[in-house]
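Before any comments, here is the structure.
Numbering (the numbering used here), first residue to last: 608 to 815.
In structure tokens form, the structure reads like this:
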């Protein structure tokens, strides 16, 4: 059974949930936990019905090394750039929470990459004749749009999605994308934006 339309619909609903729960009601922790639980269940149900879908999505060790090799230089350059920017502007936040975020954010990054590149970009490529570059651009625009109205986040999200979608089309591996997403975002928040995601998420309110 082709579930592509449902997958894209659920991805868009998850994006809408970000606006409502995280953006409007400031229930970041509720949103993140809820999204992780829902999509973990979704993957489990689909994999139970069709085990081959895991490798098709990118939950595989195949091309992991190649994906890491493509992403590590970008990770080092971008995080170093964030650090230099933070030192010159005084925005850098140095706190032990950075260790926790480096460990935990890749998990949330993996969920987001699954939605953005595997389900959204992957299904567009599978069911349309849009050129690959066009899909990369479209995916980057959608992911950037989810971070409106913060212009720094919009720009960073566009760059991140453009990189990860391009690498995904070449390696079809999600694990390295989640790691890159997590470390890229950690450097962005702590070094360039001067924000501590741990405080903003864990200590956020749990009810409107």
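C-beta: ideal position from N, C-alpha, C; glycine also.
Could you name the residues of the same chain whose beta carbon sits closer than 7 Å to that of residue i, not counting the 5 residues immediately before and after it, in chain order?
i, result
"residue 660", "653, 654"
"residue 754", "760, 761, 764"
"residue 665", "725, 775, 779, 780, 781"
"residue 734", "611"
Ignore the nearest five residues each way along the sequence and tell me which others in residue i's own chain have a CB closer than 6 Å to its CB.
i, result
"residue 825", "Outside the modelled stretch of the chain, which goes from 608 to 815, sits residue 825, for which no answer is possible."
"residue 565", "Only positions 608 to 815 of the chain appear in the structure, and residue 565 is not among them; the question remains open."
Rounded to whole angstroms, what's the CA-CA distance from residue i to residue j? Just pull it up for me.
i, j, result
"residue 668", "residue 628", "34 Å"
"residue 793", "residue 705", "7 Å"
"residue 631", "residue 621", "14 Å"
"residue 749", "residue 650", "22 Å"
"residue 723", "residue 696", "32 Å"
"residue 676", "residue 685", "15 Å"
"residue 699", "residue 692", "8 Å"
"residue 773", "residue 716", "16 Å"
Please tell me whether residue i and residue j are closer than 7 Å, where the distance is taken between their beta carbons.
i, j, result
"residue 678", "residue 765", "no"
"residue 785", "residue 713", "yes"
"residue 636", "residue 808", "yes"
"residue 747", "residue 674", "no"
"residue 771", "residue 719", "no"
"residue 690", "residue 798", "yes"
Kindly indicate which three-state DSSP category residue i falls into: helix, strand or coil?
i, result
"residue 736", "coil"
"residue 657", "coil"
Answer with buried or exposed for residue i, where buried requires no fewer than 16 other C-beta atoms within 10 angstroms of its C-beta.
i, result
"residue 611", "exposed"
"residue 810", "exposed"
"residue 758", "exposed"
"residue 743", "buried"
Could you check whether the Cβ of residue i sits closer than 6 Å to any heavy atom belonging to the ligand COA?
i, result
"residue 808", "No copy of the ligand COA appears in this structure; indeed no ligand is present at all."
Give me, in chain order, the residues of the same chain whose beta-carbon lies closer than 8 Å to that of residue i; leave out the 5 immediate sequence neighbours on both sides.
i, result
"residue 751", "761, 762, 764, 765, 768"
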